[in-house]
Structure formats: C-alpha cells, structure tokens
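Sequential numbering of the sequence shown, starting at 157, is according to the numbering used here.
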Amino acid sequence: MTETKRPAVALVIAGSESTGGAGIQVDLKTFHQQGVYGMGSLTCIVSFDPQNNWNHRFVPVDPTVIKEQIEAATACHDVDTVKIGMLGTVPTIEAVAEALQKQNWKNVVLDPVLICKGQEAGAAYDVDQALKTKVLPLATVVTPNLFETEALSGVKVETEADLIAAAKKIGELGPKYVVAKGGVELPGAEAVDILWDGEKVTRFARPKVGEERVGGAGCTLAAAITAELAKGASVVDAVETAKEIVTAGIQRRLETHHPHATLWQQGILES
Ligand code: PXL
C-alpha cells in the first residue's frame, strides 16, 4: 500500500443550527472544504422558529455530556487545534473551560458568540462575563464581530480607528491574537478586519459585497482560520485565506426563506 499523507485534524466545540447556515454544520463544512478532518462536540441545539420571526429556540446540552464528547474526541485523535463557537450558558462555558484545560493546545480559536436572537437578554451579561473571564484567557485567537467587539472591549465602534482601539483592549483580556471584524455594519466601502497581535495591526479588506448581512460569515471565517492553523499556517496567512474564502462564499451566497442569505463554503472553488 502506498503511504498517503494524513490530513490535519481539528476539533470544533459549537452549537447545532439546523438550516446549515451557522454553528457546527458550517464549521465542519469549512474544515472539510479546507482539507481538514473535523471532529465536533455539540454544546447546544438552536432551532429557528419560522412561525415566530425566525427567533431562536435554544436547548443547551448537559455540561457532563459536553465534557464526555470532548473526552471522546481528544482520546480518539491527537489534536492540537480547536475552534469554539456558540456556548450560550454559564454552565456550558465552565464545562468547556474545564475540558480545554485537560491538555495543551497549540491553537484555540474562539468565536465569541454572545447571545442568540430569542434568548433572554438578561442572560447576555452573565454569558459575556463568563466568556471574558473563563474562556477568553485560554484563546490564542478570538474573532469578535462588531457587536461582540463593543461588548468585550466596552469601546463604542463607529470607525476603523475605534475598531483598532477595541481590538487592543480585547488583547488585554488574554488572547494572543484578536481579529476584530467590521463587517457590513462598519461604515465604508470595504469589509475590514483588524488583526492585533499585541505589537502590530494588520488590516484585511475587501470591497463589501452588498450592504446586507449574510449568515454563516462569522462561523466560516473562524472555522477557516482554525483549519489553516491546523495545517500549520501562520495566523496572518490563516486570516488572509479565511477572508478570501468568506468573500468568495458571500459572492456565491444562497438566497433563503430566512431574512438573510447564507454563505456557500465552496464559493472559493468557483471564483
Ligand atoms: O452565527 C452565530 C451562531 C453560532 N452558532 C449557532 C447559531 C448561531 C446563530 O444563529 O445558531 C448554533
């Protein structure tokens, strides 16, 4: 038998979103697209409610079951790269933080999903605080969107200079690299992401593809960064590749019956 190269592997700890437009479905599609063998531990199940303004029905997975899934995945494969997506509750955050500390990780990519439409607003503050104190310090890379950047930094972001200032503040909370995403919400002709590595700012920009949000962009960006890091890329190169994948995926988006179109992970192959 000829010897074939073993693919890089990565784990994702995230929620299910059954339309395929967010969460672990997006993460595993993105890993696969980037040639990375994906493993997944489920934290929660989100079911949009088409009868009620597409609000999110949210069911957390028992923290013990989350820990068991991570135990199984990390026992089955040697893995040093993990992406963390939606956690959603304080007990989930505590379980994931505890499970992560059982081994050494080279790359911990945190997409700091704070709250989901339809969850109780009061829960946002507790989840925000728990993420900040328990998971953010374990992250090597954190990828907040505009809202999450404001929430984590306390900085109101209206300009690119604000985005940079906020990214620096988030860096003080522990993660090595901060990728603060301007998205369509930040005024200007370009979709700008700022990478802060503790010493310098690197700017990633592409012309905006329309002015409408496209579902799955945040999950895809963080998952693509994760996949590239698992393959050995530097953080700067991983973010550059991820930005390219997201931009192509938005250009090749699928229209849906939901208010937002959804990104196509294989758009990069078609552009
Ligand atoms: O896009 C953030 C996100 C992440 N994970 C899950 C989600 C959502 C948004 O709906 O449902 C499971």
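Beta carbons are placed, not taken as given, at the ideal position from N, Cα and C, and that holds for glycine. Please read all numbers here as calculations on a predicted model, not as lab measurements.
Per DSSP, reduced to three states, the secondary structure at residue 393 is helical. Beta-bridge partners of residue 349 (DSSP): 337 and 360. In the DSSP assignment, no residue is bridged to residue 414.
Its chain contains 408 as the residues whose beta carbon lies nearer than 6 angstroms to that of residue 426, once the 5 sequence neighbours on both sides are disregarded; these appear in chain order. Between residue 292 and the set 384, 356 and 309, the nearest pair of CA atoms involves 309.
With fewer than 16 other beta carbons inside 10 angstroms of its own, residue 159 counts as exposed. The Cβ-Cβ distance between residue 254 and residue 288 does not fall below 9 angstroms.
A distance below 9 angstroms separates the beta carbons of residue 381 and residue 395. The beta carbons of residue 360 and residue 353 sit no closer together than 9 angstroms.
Taking 8 angstroms as the cut-off, the C-beta of residue 284 does not count as close to any heavy atom of the ligand PXL.
Short note on residue 178: C-beta closer than 8 angstroms to some heavy atom of the ligand PXL. Restricting attention to 171, 193 and 179, the CA atom closest to the CA of residue 162 is found in 193. Of all C-beta pairs linking the region 364 to 372 to the region 321 to 328, fewer than three are shorter than 8 angstroms, placing the two stretches out of contact. Between residue 174 and the set 264, 372, 191 and 234, the nearest pair of CA atoms involves 372. Around the beta carbon of residue 281, a 10 Å sphere encloses fewer than 16 other beta carbons of the protein chains shown; the residue is thus reported as exposed. For residue 215, the CB contacts under 7 angstroms within the same chain, skipping 5 residues up- and downstream, are 200 and 201 in chain order. A direct Cα-Cα distance of roughly 7 angstroms separates residue 419 from residue 177. Separation of residue 262 and residue 205 (C-alpha to C-alpha, rounded to the nearest whole angstrom) is 38 angstroms. In the DSSP assignment, residue 298 is bridged to 266 and 334.
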